[in-house]
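Respectively, the protein sequence lines represent chains A and B. Quick note: the first sequence uses my numbering, first residue 27, plus one each step. Quick note: the second sequence uses my numbering, first residue -1, plus one each step. By construction, the Cβ of each residue, glycine as well, lies at the ideal position given by its N, Cα and C atoms. A short write-up of the structure that comes next.
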Amino acid sequence: DTGVSQNPRHKITKRGQNVTFRCDPISEHNRLYWYRQTLGQGPEFLTYFQNEAQLEKSRLLSDRFSAERPKGSFSTLEIQRTEQGDSAMYLCASSGQGSGNEKLFFGSGTQLSVL
Amino acid sequence: DAKTTQPNSMESNEEEPVHLPCNHSTISGTDYIHWYRQLPSQGPEYVIHGLTSNVNNRMASLAIAEDRKSSTLILHRATLRDAAVYYCILRKPNSGNTPLVFGKGTRLSVIA
């Protein structure tokens, strides 16, 4: 168990550029979540996959955001035409199939700075 | 998920016990109480969860009030590595298809 891996750890981009983040969940986990966290706030839910199906999207996920999980393994989160308000920590978490009390395991996040 | 209320911050001396409170007066009978913590520059990590009875694990203890309207996370001997933001979250059973909803949590500072 190598844990949830996120790449890159840090990303600095100019406003208007596109960025893509990658998340590799724990291998046997079929659920994968993306969260966003700004300074001083708790993580905010963005979207959720069960295997390759994207089952839920938050209202926070504007049309500029898209997430994929091909083949139900790793996931990518793309932000198009970045804005300064997109600057945040983007966290990925995974969990196994369970009763609903299964633990979520989080990665260390990707810190995005939009200049 | 029902709402929880936690103090914004708390301070503890190293090697002293820490009691982190959480109020959840609108908890329903089937809601589980989960605690996660987030160390600096890390993602959140699971600490403990419970329903009605007090729970212990290697990280902490969870004391749940008899009416379940409040709970307390207990760190028996705080260390500098316990300095983190602690989140109290309510979760319904069979809620695997719904995400965890985080509040602002309690920022715990540990003084050497």
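Put simply, the backbone Cα of residue 76 (chain B) is about 10 Å away from that of residue 9 (chain B). Residue 35 (chain B) is a Cβ neighbour of residue 43 (chain B), given a cutoff of 8 Å.
Rounded to whole angstroms, the separation of the alpha carbons of residue 115 (chain A) and residue 59 (chain B) is 30 Å. Judged by DSSP in its simplified three-state form, residue 19 (chain B) adopts strand. Each of B:110, B:107 and B:23 was checked against the Cα of residue 1 (chain B), and the nearest Cα belongs to B:23. DSSP places residue 79 (chain B) in the helix class (H, G or I) of the three-state scheme.
Using a Cβ-Cβ distance cut-off of 8 Å, the stretch 73 to 92 of chain A and the stretch 52 to 63 of chain A are in contact, since at least three pairs of beta carbons, one from each stretch, lie closer than that value. Using beta-carbon distances, residue 33 (chain A) does not count as an interface residue toward chain B, since no partner is under 8 Å. With a cutoff of 8 Å on beta-carbon distance, residue 31 (chain B) and residue 48 (chain B) are scored as near each other. The alpha-carbon separation between residue 45 (chain A) and residue 108 (chain A) amounts to approximately 8 Å.
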